[in-house]
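Per the UniProt record's numbering, residue 1 is the first one in the sequence shown, and the count goes up by one each step.
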Amino acid sequence: MGKEPLPELVSLSISAWSFKARFALKHNGIKYRTTPYMPLFGEFFLRLRLGDWKSKVTVPVMFTPRDGVLHQSYDIARWSDTHTTRPEAERLFPEGKETEIRSWNAKSDTVLYFGRQCLVDSLLSDPAQLRKTVPGSLRWLGPLGVALLRLIVTRLQAKYRAEASSTSLAQALAVLREAQSVLRAQGGGGGSLRGRYLVGGAFSYADIAVAVAAQTVKPLGPPYASSPRPPLPQFQAYQEEFADLLEWRDGVFTQFWPMGAERKAGKAQ
């Protein structure tokens, strides 16, 4: 018998949802290969592989050797928890806690939907920022690469209009303040938030979801994000308010993102 193929993660480097999936996979020591996704061009080939010409296709998508196709970062994270190669790793979905974890994931999406719309609007209104964001795969095209990225971003704006209309800055801030309040309450309202967790007193996928959502306030950079999101002007005024939440976010990545798992995109991870 031949060697079983690695799971394949189709992902977009700048996508927060791809980021959530990667965090869970790395935490659980899952070896996988990455196929970079390029909106517009990549969608046709992904639809071809999925045999789906009607549904809204989004990434991340994971093709597994035995368990079919996983279409959401949440499902990829749950799958990673049942296939972990790190027995010592904290369970991301501890028994009896999934309802709370799912709720925090939905709240995370509320923040990220608004953040994505802010990013799209910022790129379309700021030509200099758009040029800075051109991925390496298009940079060699010069001005044509910028034009293609503008076309891609314009299509993303239309594709995710419904999600964008379901959220707002006020809703995003409410989620972040709720997370901050829950974490602060564990220490009597003072001190560093590091070492505190949103569900059940232990690290879980809820912490991953909210830590990634906190990127809207202040993006992470390398080594955690090879293509960090540009700063979002809508959130700049709130960095001081959420300073302790951002420190907590940094602590989550420092403690639970296995640095030894880093590889270049496209190779086994």
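Cβ coordinates follow ideal geometry from the N, Cα and C atoms, glycine included. If you're wondering where the values come from, they're calculated on a predicted model, not measured in any experiment.
Identified DSSP bridge partners for residue i
i	result
methionine 259	Note: methionine 259 sits in no beta bridge, so no partner.
leucine 70	Met62
alanine 202	Val199
Exposure label - residue i; buried when at least 16 CB within 10 Å
i	result
alanine 9	Before going further, note that residue 9 is leucine rather than alanine in the sequence given. Flag for leucine 9 reads buried.
glutamate 262	With a pLDDT of only 48 at glutamate 262, under the threshold of 50, the placement of this residue in the model should not be trusted; the figure read from the coordinates follows. Exposed: under 16 other Cβ atoms inside 10 Å.
residue 301	The displayed coordinates of the chain run from 1 to 269. Any statement about residue 301 would go beyond what the structure contains.
threonine 167	buried
threonine 85	exposed
alanine 77	buried
proline 7	buried
glycine 92	Note that residue 92 is leucine in the sequence shown, not glycine. So leucine 92 ends up on the buried side.
phenylalanine 114	buried
valine 199	buried
aspartate 52	exposed
serine 108	buried
lysine 218	buried
threonine 133	buried
glutamine 255	exposed
glutamine 236	exposed
alanine 268	Because alanine 268 sits at a pLDDT of 44, beneath the cut-off of 50, its placement in the model cannot be relied upon, and the point is left open.
Residue range of the alpha helix (DSSP H) that includes residue i
i	result
serine 11	Here serine 11 belongs to no alpha helix (DSSP H); instead the beta strand (DSSP E) covers 8-11.
proline 143	143-159
arginine 47	41-50
proline 127	127-133
lysine 20	16-27
glutamine 239	Premise fails: glutamine 239 is in no alpha helix (DSSP H) and is neither H nor E.
alanine 214	From DSSP, alanine 214 is part of no alpha helix (DSSP H); its letter is neither H nor E.
glutamate 178	169-185
Extent of the continuous beta strand (DSSP E) to which residue i belongs
i	result
arginine 33	33-36
Nearest candidate by alpha-carbon position, reference residue i, set the options
i	options	result
alanine 24	Arg249, Gln255 and Ile208	Ile208
serine 204	Phe19, Asp81, Ala237 and Arg66	Asp81
phenylalanine 40	Lys31, Thr58, Gln236 and Pro231	According to the sequence displayed, residue 40 carries leucine and not phenylalanine. Closest by alpha carbon: Thr58.
leucine 149	Ser165, Ala128, Gly200 and Gln255	Ala128
arginine 66	His83, Ala185 and Gly51	His83
arginine 131	Ser108, Pro230 and Lys31	Pro230
glycine 187	Glu241, Gly201 and Ser125	Gly201
aspartate 126	Tyr224, Val153 and Arg33	Val153
leucine 151	Glu178, Val120 and Thr35	Val120
serine 122	Leu156, Ile30 and Thr110	Leu156
threonine 216	Gly145, Thr64 and Tyr238	Tyr238
serine 18	Pro5, Arg116, Leu138 and Leu173	Arg116
alanine 147	Thr64, Leu124 and Trp79	Leu124
aspartate 75	Lys20, Tyr32 and Thr110	Lys20
aspartate 244	Pro222, Trp257, Pro94 and Gly190	Gly190
valine 182	Ala172, Gln236, Trp104 and Arg33	Trp104
arginine 22	Leu50, Glu95 and Val61	Val61
glutamate 247	Trp79, Arg194 and Thr64	Arg194
glutamate 163	Leu144, Ala225 and Val111	Val111
aspartate 250	Glu240, Val212 and Leu232	Val212
is_contact[residue i, chain B] using C-beta, thresh 8 angstroms
i	result
leucine 246	Going by chain labels, chain B is absent from the structure shown, which holds only one protein chain.
Closer than 7 angstroms: residue i CB and nearest the ligand ZN heavy atom
i	result
glutamine 171	With respect to the ligand ZN, the structure offers nothing, as it holds no ligand at all.
Which parts of the segment 83-121 are runs of the beta strand (DSSP E), unbroken and 3 residues or longer, counting only runs that do not cross its ends?
none
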